[in-house]
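Visitor: Before I ask anything, here is the structure I am working with.
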Ligand code: NOJ
């Protein structure tokens, strides 16, 4: 008798819920033509490696024509491939190579803004009467100063840029080279839907939608009087017509394909998430939230490497999101991506004694929650933050522009550089570490961003041969998730919730019940297990043996199956 089925009946089973998504930052994955920049042919050459991981979907960060002010998040032609990355033929070959191996491909859809070098913007700025004028948001000078809007990458955080040519300002929530598109304009929306169909008809399997929560603006541009960045982000995420646009996009495009869609939920609060992913609303499949990765400034000091990291708060967040989707909708889970520092450095401990253990522990967490895991390339090797000493080594616009702003305002540059060693986005953008040869096997020439010097010990080639490596542990976990549906669909129950160091939960599906125990600290941590678990069998352990009955070793991770 299927004991869990009653509570799960309304939860349909679908490929994208069962998938493990592997995220590739193309610029940093594999260079095939020795220009120091990763490219599509490079990814194609590594498809057997990707297949060997057992992942089902690859999400590629933007691969479209771009002047690279923000590494491809500033697109100048949505229907072409970035010259650095290759040609459309290279793309077709990559897609065919993935499909031949049963791997699906998801592309980044970046339509809150384009590049200022996109033809639409060139036309739009050329005159006030150009037919493309309304593809963007303009504020004419005769209306006085535009109301304050916050820009995330601008040196002055000013989202309006004055353009002499037509004596007007244009809106840019990100850099001055990323003008925001005007979704109020049905012509623009039609162009976007046509472009989406172009890629879907080529056979791609879905979209990750960049800051899609920001696309709708109140074009009366009221004065807001906000003081914090957070206030702006939440305001940006709740534009008046956002859900109308998403429903229209669903009707016009998404509903006609069997695809994965995931919103980058910047500024989206938990209480708003179902508006995106409740299947009855016909918008998107999934959304990824920032509540976990934003967790900072806790006052609880514990022995977890980052003293700001409060495990009970972390558990509360992830349990809350699980609970949100217990009736409808479906979650996502990630701890690292191209906008975050490396997972092991941020949430584990990358010192030599703990890097492997804590990487494995964090992967265990990601692959045992009721949500689709979005797993960032390199984390399966336990790649760590690069921690550059000099601003010249950084290439990320966010890091560089914050530095420039501090320089202009006389801020503390060395404190900032210390902070960037932990938080800069470039920490996770260093080239993939394939082997111990020069440049980690990424390229024969100096890469666009320096390789992490630890590549001689942390690389795929050496880990491939070691059955107890981080890489092979990840592969084992993937197999486990595929074998035990309880890990995908099973009911999640948080255990021992106030334990400051251990995250424990059970997953239950049909007749199967699994227990996951994760020590998030570098010290031995007591656990109190319900005696009913005493006779369970061990499915996986990052120490490769049973824990003691009443304590977990540093960063220990185990999964038990109840007999
Ligand atoms: C979110 C993307 O993940 C990030 O990398 C990018 O800089 C901004 N959106 C702007 O597109």
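Residue numbers (this note's numbering): 434 to 996.
Here a beta-carbon is modelled for each residue, glycine too, at the ideal position from N, C-alpha and C.
Run through the segment 768-837 for me and flag every whole beta strand (DSSP E) of 3 or more residues, listed as ranges in chain order.
Guide: The qualifying runs are 805-809.
Visitor: Quick check on this structure: which residue in 976, 501, 985 and 811 has the alpha carbon closest to the alpha carbon of residue 873?
Guide: Start at 1 with the first residue of the chain shown, and residue 873 comes out as number 440. Checking every option, the nearest Cα to that of residue 873 belongs to 811.
Visitor: Would the beta-carbon of residue 771 be found less than 7 Å away from any heavy atom of the ligand NOJ?
Guide: Within the chain shown, the letter at position 338 stands for residue 771. Within the cutoff, so yes.
Visitor: Just checking my contact of residue 843 with residue 903 at CB under 8 Å: how many whole Å lie between their CB atoms?
Guide: On the chain shown, residue 843 is found 410 positions in, with the first residue counted as 1. On the chain shown, residue 903 is found 470 positions in, with the first residue counted as 1. That belief does not hold up - the Cβ atoms of residue 843 and residue 903 are roughly 43 Å apart, past 8 Å.
Visitor: Excluding five sequence neighbours on each side, which residues of the same chain lie with their C-beta closer than 6 Å to the C-beta of residue 809?
Guide: For this step, residue 809 is matched to residue 376 along the chain shown. Counting only Cβ-Cβ distances below 6 Å, and skipping sequence neighbours, we find 456, 769 and 770.
Visitor: Please classify residue 742 as buried or exposed, where buried requires at least 16 other C-beta atoms within 10 Å of its C-beta.
Guide: As a working note, residue 742 is residue 309 in the chain shown. So residue 742 ends up on the buried side.
Visitor: Figure out for me which residue from 986, 516 and 534 has the closest Cα to the Cα of residue 787.
Guide: As a first step, residue 787 is located in the chain shown; it is residue number 354 there, counting from the start. Closest by alpha carbon: 986.
Visitor: For the ligand NOJ, any of its heavy atoms closer than 7 Å to the Cβ of residue 554?
Guide: Counted from its first residue, the chain shown places residue 554 at position 121. Because no heavy atom of the ligand NOJ lies under 7 Å away, the Cβ of residue 554 does not count as near it: no.
Visitor: Comparing the CB of residue 644 with every heavy atom of the ligand NOJ, is any distance shorter than 7 Å?
Guide: For the purposes of this step, residue 644 is identified with residue 211 of the chain shown, where counting begins at 1. For the ligand NOJ, at least one heavy atom lies less than 7 Å from the Cβ of residue 644.
Visitor: For residue 555, does the count of other Cβ atoms within 10 angstroms reach 16, so buried, or fall short, so exposed?
Guide: The residue given as residue 555 occupies position 122 in the chain shown. Flag for residue 555 reads exposed.
Visitor: Using the C-alpha atoms, what's the distance from residue 962 back to residue 475?
Guide: Position 42 of the chain shown, counting from 1, holds the residue named residue 475. Position 529 of the chain shown, counting from 1, holds the residue named residue 962. Each residue's Cα considered, the two are about 48 Å apart.
Visitor: Would you check if the segment 540-558 and the segment 578-587 touch, i.e. whether three or more CB-CB distances between them fall below 8 Å?
Guide: Judged by Cβ distances under 8 Å, the segment 578-587 makes no contact with the segment 540-558, as fewer than three pairs qualify.
Visitor: Compare the Cα-Cα distances from residue 572 to each of 885, 599 and 450 and report the closest residue.
Guide: For this step, residue 572 is matched to residue 139 along the chain shown. Among 885, 599 and 450, the Cα nearest to that of residue 572 belongs to 599.
Visitor: Classify residue 804: buried if its beta carbon has 16 or more other beta carbons within 10 angstroms, exposed otherwise.
Guide: In the chain shown, counting from the first residue as 1, residue 804 sits at position 371. Buried.
Visitor: Indicate the three-state DSSP secondary structure (helix, strand or coil) for residue 961 in the structure shown.
Guide: Taking the chain shown and counting its residues from 1, one reaches residue 961 at position 528. Three-state DSSP puts residue 961 in coil, outside helix and strand.
Visitor: Looking at residue 909 and residue 947, is the spacing between their C-beta atoms short of 8 Å?
Guide: Locating residue 947 in the chain shown gives position 514, where the first residue counts as 1. Locating residue 909 in the chain shown gives position 476, where the first residue counts as 1. Result no, Cβ atoms of residue 947 and residue 909 do not sit closer than 8 Å.
Visitor: Tell me which residue opens and which closes the alpha helix (DSSP H) that residue 619 is part of.
Guide: To locate residue 619, count along the chain shown from 1; it is residue 186. That run of the alpha helix (DSSP H) goes 619-635.
Visitor: In three-state DSSP terms, what is residue 613?
Guide: Counting from 1 along the chain shown, the entry for residue 613 is found at position 180. Three-state DSSP puts residue 613 in a strand.
Visitor: Quick one, are the C-beta atoms of residue 783 and residue 817 less than 8 Å apart?
Guide: To locate residue 783, count along the chain shown from 1; it is residue 350. To locate residue 817, count along the chain shown from 1; it is residue 384. Yes. Within cutoff.
Visitor: DSSP three-state label for residue 640, please.
Guide: Indexing the chain shown from 1 puts residue 640 at position 207. It is a strand residue.
Visitor: Could you pull out every unbroken beta strand (DSSP E) segment of at least 3 residues lying fully inside the segment 897-960, listed in chain order?
Guide: For the segment 897-960, whole beta strand (DSSP E) runs of length 3 or above, ordered along the chain, are 924-928, 935-942 and 945-952.
Visitor: Going by DSSP, name the residue or residues bridged to residue 991.
Guide: By 1-based counting over the chain shown, the position of residue 991 is 558. 950 and 974.
Visitor: Are residue 614 and residue 546 touching if we call contact CB-CB under 8 Å?
Guide: Sequence index remark: in the chain shown, residue 614 carries index 181 (1-based). Sequence index remark: in the chain shown, residue 546 carries index 113 (1-based). In this structure, residue 546 lies closer than 8 Å to residue 614 by Cβ.
Visitor: What does the alpha-carbon distance come out to for the pair residue 625 and residue 648?
Guide: As a position in the chain shown, residue 625 is number 192, starting the count at 1. As a position in the chain shown, residue 648 is number 215, starting the count at 1. Going by the C-alpha atoms only, they are around 12 Å apart.
Visitor: Which one or two residues does DSSP pair with residue 604 in a beta bridge?
Guide: Taking the chain shown and counting its residues from 1, the one referred to as residue 604 is at position 171. 593, per the DSSP bridge assignment.
Visitor: Using the Cα positions of residue 971 and residue 991, report the straight-line distance between them to the nearest angstrom.
Guide: Here residue 971 corresponds to residue number 538 of the chain shown, with the count starting at 1. Here residue 991 corresponds to residue number 558 of the chain shown, with the count starting at 1. Spanning the two alpha carbons is a distance of roughly 7 Å.
Visitor: Verify whether the separation of the beta carbon atoms of residue 926 and residue 936 is less than 8 Å.
Guide: Within the chain shown, numbered from 1, the residue matching residue 926 stands at position 493. Within the chain shown, numbered from 1, the residue matching residue 936 stands at position 503. Contact: no.
Visitor: Evaluate residue 677 with the Cβ neighbour count: other Cβ atoms within 10 Å of its Cβ, from every protein chain shown; 16 or more gives buried, anything less gives exposed.
Guide: Walking along the chain shown from the start, residue 677 turns up at place 244. Residue 677 is exposed by the Cβ-count criterion.
Visitor: Cα separation between residue 521 and residue 544?
Guide: As a first step, residue 521 is located in the chain shown; it is residue number 88 there, counting from the start. As a first step, residue 544 is located in the chain shown; it is residue number 111 there, counting from the start. Their backbone Cα atoms lie some 21 Å apart in a straight line.
Visitor: Report yes if the C-beta distance between residue 611 and residue 507 is below 8 Å; otherwise report no.
Guide: Counted from its first residue, the chain shown places residue 611 at position 178. Counted from its first residue, the chain shown places residue 507 at position 74. Taking 8 Å as the Cβ cut-off, residue 611 and residue 507 qualify as a contacting pair.
Visitor: Distance, Cα to Cα, residue 386 vs residue 727?
Guide: Because the chain in this structure spans residues 434 to 996, residue 386 falls outside the shown range and cannot be described.
Visitor: Would you kindly work out how many angstroms separate the C-alpha atoms of residue 514 and residue 761, rounded to a whole number?
Guide: Counting from one through the chain shown, the residue named residue 514 turns up at place 81. Counting from one through the chain shown, the residue named residue 761 turns up at place 328. Spanning the two alpha carbons is a distance of roughly 37 Å.
Visitor: With DSSP as the reference, identify every bridge partner of residue 985, one or two as the case may be.
Guide: Position 552 of the chain shown, counting from 1, holds the residue named residue 985. DSSP output for residue 985 lists 958 as bridge partner(s).
Visitor: Does residue 460 come out as helix, strand or coil in the three-state DSSP assignment?
Guide: Indexing the chain shown from 1 puts residue 460 at position 27. Correct three-state label for residue 460: helix.
Visitor: With DSSP run on the structure shown, which of helix, strand or coil describes residue 731?
Guide: By one-based count along the chain shown, residue 731 stands at place 298. The pLDDT assigned to residue 731 is 39, lower than 50, so where the model puts this residue is not dependable, and the model offers no usable value.
Visitor: Look up residue 492 in the DSSP assignment and say whether it is helix, strand or coil.
Guide: Taking the chain shown and counting its residues from 1, the one referred to as residue 492 is at position 59. Three-state DSSP puts residue 492 in a strand.
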